[in-house]
Every structure is written in structure tokens, then in C-alpha cells.
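Asker: Can you read through this structure? Questions will come right after.
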Amino acid sequence: MAQNETATNRILVVDDDAMLIGEYLRCLGKDFEPDSATSTLTDLEKVLFGEETDEKGAAKFEVQSCDQGKIAVEAVREAVKVGNPFSIVFLDIRMPPGIDGIEAAKLIREIDQNVNIVIVTGSVSPEPENLGKEIPPADRIFFFKKPFHAVECRQLAAALCGKWHSDLSLRHANDVLEQRVWDRTEALHKLAYYDPVTDLPNRLMLLDELQLLMDDAESPDSNTAVVLLDIERFSFLNETMGYESGTALLSEIGKRLVRTCSDLVGAPQSVVGRFGADEFACLIAGVDDDAALEDVVERIKQSIEEPFLVRSREIFLKASIGVAWHPVHGRDSKTVFRRAEAALHRSMRRL
624 MAQNETATNR
634 ILVVDDDAML
644 IGEYLRCLGK
654 DFEPDSATST
664 LTDLEKVLFG
674 EETDEKGAAK
684 FEVQSCDQGK
694 IAVEAVREAV
704 KVGNPFSIVF
714 LDIRMPPGID
724 GIEAAKLIRE
734 IDQNVNIVIV
744 TGSVSPEPEN
754 LGKEIPPADR
764 IFFFKKPFHA
774 VECRQLAAAL
784 CGKWHSDLSL
794 RHANDVLEQR
804 VWDRTEALHK
814 LAYYDPVTDL
824 PNRLMLLDEL
834 QLLMDDAESP
844 DSNTAVVLLD
854 IERFSFLNET
864 MGYESGTALL
874 SEIGKRLVRT
884 CSDLVGAPQS
894 VVGRFGADEF
904 ACLIAGVDDD
914 AALEDVVERI
924 KQSIEEPFLV
934 RSREIFLKAS
944 IGVAWHPVHG
954 RDSKTVFRRA
964 EAALHRSMRR
974 L
């Protein structure tokens, strides 16, 4: 959420008439006594607020007042800042010598999109549809004619506070739903594009990453190398060590390849991923010539041949390697990978 809203019945009353401010405080105060003709007010407030009532059953309001529009704007700003916003602002339309209620309402709306603004006027009201366009949303801007009956004021406050609470609950529910959708989308993306064993990019993601590296190259002829590795005898090791040890070994291979490629001098970008069951891919951007590529391949090969420690056991590995370059072996990621796979298969047949 944009602000840390709390469930309160906070009301800001803005009027330059001290007597009218006093009337607001009386009719919205906890000691307000409705007459018998308006006893249905209490029932309405119970429906709207449930337990948010005082010992007499009337809705409880926290009322703050001021006499100028600019002061009201700052009060709303501070309320939002501390996470305790107003549910309603009652704004007199004329408050000389300061800004009028319409201008104050516009400034308040910029600060708080959710507060219900009530323009209070004793003269002819502006056209509601026009003001709704000027100070949107239209369902949170209202007019109230003065002089008003105290019970009418309290009923309006009860209804708008209830509306504010309902809107707040709906926003919270939408936030929760949006977060769940986001989390699910992220989970599906990871499932589709990342290997669950090594947490590295999978074959599909590697194709996309290679295309991005090629697209981001300084020139169309900049070299990007694809180094494919097939871990020799991995199936045998996996069967003899057990699935859990095999999984741990794959994870360690991935981590070592990431470290090795990250340490390559002169290679500004690299991506490591799991290309198949016992195959890994290293994508290296900025490899300028054959000598640089040979050095990259040799360092990757040496990193694999250093012993791995899995469950207190040293394991020695070797890898068959196939290499392809962009743009020498293709102008798109699928073609370059296909050429790298062909080179890998030739390397495996020579064993």
C-alpha cells in the first residue's frame, strides 16, 4: 500500500466561523444526544461501525479542526505522513483571506487519493459533475448545504466513514491479491526459466540470455562465445553416489563455473546455466580472438578438473567441451547453440 493506513474515524473540519466549528464538534462529539425522531441514527451507526461505538451506542469520531485551507492541507499531509489519515474533510467553500475550499480540496486530493472531501456551502453549489472531474474521483467529493441539522451532519459523517472503511478493506484485499498474483507469476517464471537443482538458468533461459548478449554487443561483429560442457561419467557417479550426492555435485559444479566465469579478465559479461542433465553452458561476451577464447576454455576446463568435495568425499571430474562463436557460427542464439552442440558431440566421440 502507498501509506500505512489505520482503521479510524478521523474527521477534519475546516471553517473560518468559530461558532460553526463549535457546532461540528458538538454534533460529532461523543456526548451528542439525538432526539427521538432521529433514533434510527444509532441503528445506522451500529450497522456501519459494529464495535466502534461509545457506551451510548453512537459512532465514535476523532475530530480535528482548523480555520484556513492551507492549514487543512498541511494537516492532511501530516496525517498521511504518519500513517493515520483522515476519513473525511469538511471544507467550507469560502475562508478569506486564504485559499477557498475548492483550491484546498485540489491540494488535499494530490496528497490523499482516498479521503472523502465534503464541500460545505451556504450559496449555490458548483456543478457536481464538473467538480468531480476537477477533483477526482467523483465518488469521493460531496456537497453539504448550510445551515445544516446536527443529525444530518452526523449521519453524513457515519455514512462516509463507513464508506472509507469499506474502501480501505477493499484496497487491502486487492493488495493481497496482487501480491499473490505477483508471487505466483514469479514462481512460474522461475519454474519455466531456471533449473531447480542448481538454481541457474535452464536451456530456455540460456537461449534468451545469449540473444540479449548478442543484441547488447557494441557492434554486430562483437564476439560472444558459447562454451558447452558435458560432465563425463556423471550418470555412473550419480548411480554409485546416490541421488542426493549427485544433486549436491551438480550444484557445486554450477557454483564453481559461475565463480570461474566471473573472474575472467576482459570478459565484461558472462552467464552460466545448466543446459541438460549433465551439461552446462557458459556464455562469455567480449572474447576478442582465438587466443582469448582458448584461455577461457582452458580455465573452465581446469576449474572442472579440480577436485570437488561432496559429503566429505573428493570427486575428480573431466568434461568434454564444445565451443561456438557469435557472429562466426551464427547470427541468432539458436544457430550458435546448435553449432556449439555439434562441436560438443564431436569432442565426446573422440573420447
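Numbers 624 to 974, taken from my numbering, label the letters of the sequence shown in order.
By construction, the Cβ of each residue, glycine as well, lies at the ideal position given by its N, Cα and C atoms.
Predicted model, so just to flag it, every value in this text is computed and none were measured.
What did DSSP end up calling alanine 949 once you bin it into helix, strand or coil?
Answerer: The amino acid occupying residue 949 in the given sequence is histidine; alanine does not appear at that position. Correct three-state label for histidine 949: strand.
Asker: Report the three-state DSSP secondary structure of glycine 680 (helix, strand or coil).
Answerer: Model confidence at glycine 680 stands at a pLDDT of 47, short of 50, so the residue's coordinates are unreliable and nothing is read from them.
Asker: Tell me whether the beta-carbon of lysine 786 lies closer than 8 Å to the beta-carbon of asparagine 739.
Answerer: yes
Asker: State yes or no: is the C-beta of aspartate 901 within less than 8 Å of the C-beta of phenylalanine 931?
Answerer: No; because the gap between Cβ atoms is not below 8 Å, this pair is not in contact.
Asker: With distances taken from CA atoms, which of Asp762, Ala773 and Leu800 is nearest leucine 783?
Answerer: Asp762
Asker: Roughly how many whole angstroms lie between the Cα atoms of valine 895 and phenylalanine 903?
Answerer: 7 Å
Asker: Could you pull the DSSP bridge partners for arginine 633 from this structure?
Answerer: DSSP lists Glu685 as partners of arginine 633.
Asker: State the Cα-Cα distance for the pair glutamine 892 and leucine 872, rounded to the nearest angstrom.
Answerer: 25 Å
Asker: Would a C-beta distance cut-off of 8 Å place threonine 847 and leucine 906 closer than the cut-off?
Answerer: yes
Asker: Determine the extent of the beta strand (DSSP E) in which threonine 847 is found, giving its start and end residues.
Answerer: 847-854
Asker: Could you check whether isoleucine 634 and leucine 648 sit closer than 8 Å to each other, using their CB atoms as the reference points?
Answerer: The answer is no: Cβ separation not under 8 Å.
Asker: Just verifying my parser: in three-state terms, what is the DSSP assignment at phenylalanine 960?
Answerer: Residue state for phenylalanine 960 is assigned as helix, using DSSP reduced to three classes.
Asker: Would you identify the three-state DSSP class for leucine 932, choosing helix, strand or coil?
Answerer: Correct three-state label for leucine 932: strand.
Asker: Given a cut-off of 8 Å, decide if serine 710 and leucine 830 are closer than it, judged by their beta-carbon atoms.
Answerer: no
Asker: Can you check which of these residues, Lys813, Asp838 and Ala840, is closest to leucine 827 by C-alpha distance?
Answerer: Lys813
Asker: Starting from alanine 641 and walking both ways along the alpha helix (DSSP H), at which residues does that stretch end?
Answerer: From DSSP, the alpha helix (DSSP H) with alanine 641 extends over 641-651.
Asker: Given alanine 780, which residues of its chain have a CB within under 7 Å of its CB, disregarding the five upstream and five downstream residues?
Answerer: When the five nearest sequence neighbours on each side are left out, the beta carbons in the same chain lying within less than 7 Å of the beta carbon of alanine 780 are those of Ile634, Leu651, Phe684 and Ile711, in order along the chain.
Asker: Using 8 Å for Cβ pairs, my map puts valine 850 next to valine 946. What's the rounded Cβ distance?
Answerer: 5 Å
Asker: With distance defined between alpha-carbon atoms, name the residue in Phe898, Tyr866 and Asp853 nearest to lysine 924.
Answerer: Asp853
Asker: Assuming lysine 729 contacts glutamate 757 (C-beta within less than 8 Å), just tell me the rounded distance between them.
Answerer: 7 Å
Asker: Measuring only the C-alpha atoms, how far is arginine 969 from methionine 837?
Answerer: 25 Å
Asker: How about glycine 869 and leucine 860: do their beta carbons lie closer than 8 Å?
Answerer: yes
Asker: Among Arg936, Glu855, Ala796 and Arg934, which one has its Cα closest to the Cα of isoleucine 927?
Answerer: Glu855
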